[in-house]
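The next block holds one structure in the form of structure tokens; read it before the comments.
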Amino acid sequence: MADVFIVSFAGRIPFAFLEDIHQRFVRTYGRAVFSALPYGMNDEFSRVLSQQMEYYSSDPNADRINRLK
Numbered sequence: 001m002a003d004v005f006i007v008s009f010a011g012r013i014p015f016a017f018l019e020d021i022h023q024r025f026v027r028t029y030g031r032a033v034f035s036a037l038p039y040g041m042n043d044e045f046s047r048v049l050s051q052q053m054e055y056y057s058s059d060p061n062a063d064r065i066n067r068l069k
């Protein structure tokens with residue numbers, strides 16, 4: 001039972017990161033992704049990825065459930 005808790009706790013932050021990135025990408029580019037060239041959004045969105053990776057890796061506020069306790 002403890003193993004399930006550890007896996008679910010450790011899995012929350014990566015999935016929160018992925019959901020955040022997905023929402024930001026869709027909000028920023030919308031339907032433009034369908035006509036974009038390969039790597040066409042890399043220059044701009046790579047900064048967002050970098051900032052959010054730093055946030056989810058080091059900021060305790062990234063874990064919303066833990067923050068509510």
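Here the sequence shown stands for residues 1 to 69, where the numbers follow UniProt numbering. A virtual CB, placed ideally from N, CA and C, is assigned to each residue, including glycine. Owing to the predicted nature of the structure, the values given are computational and were not obtained by experimental measurement.
Check	Outcome
Best match in PHE34, ALA32, TYR39 and VAL48 for proximity to ILE21 [C-alpha to C-alpha]	VAL48
Short Cβ contact (9 angstroms threshold) for residue 90 with ALA62	The chain is shown only over 1 to 69; residue 90 falls outside these bounds and no answer can be derived.
For SER35, the first and last residue of its enclosing alpha helix (DSSP H)	Looking at the DSSP string, SER35 is not in any alpha helix (DSSP H), and its letter there is neither H nor E.
ARG47, enclosing alpha helix (DSSP H) - first and last residue	42 to 58
Nearest neighbour of GLN23, chosen from PHE45, ALA36 and LEU37 [CA to CA]	PHE45
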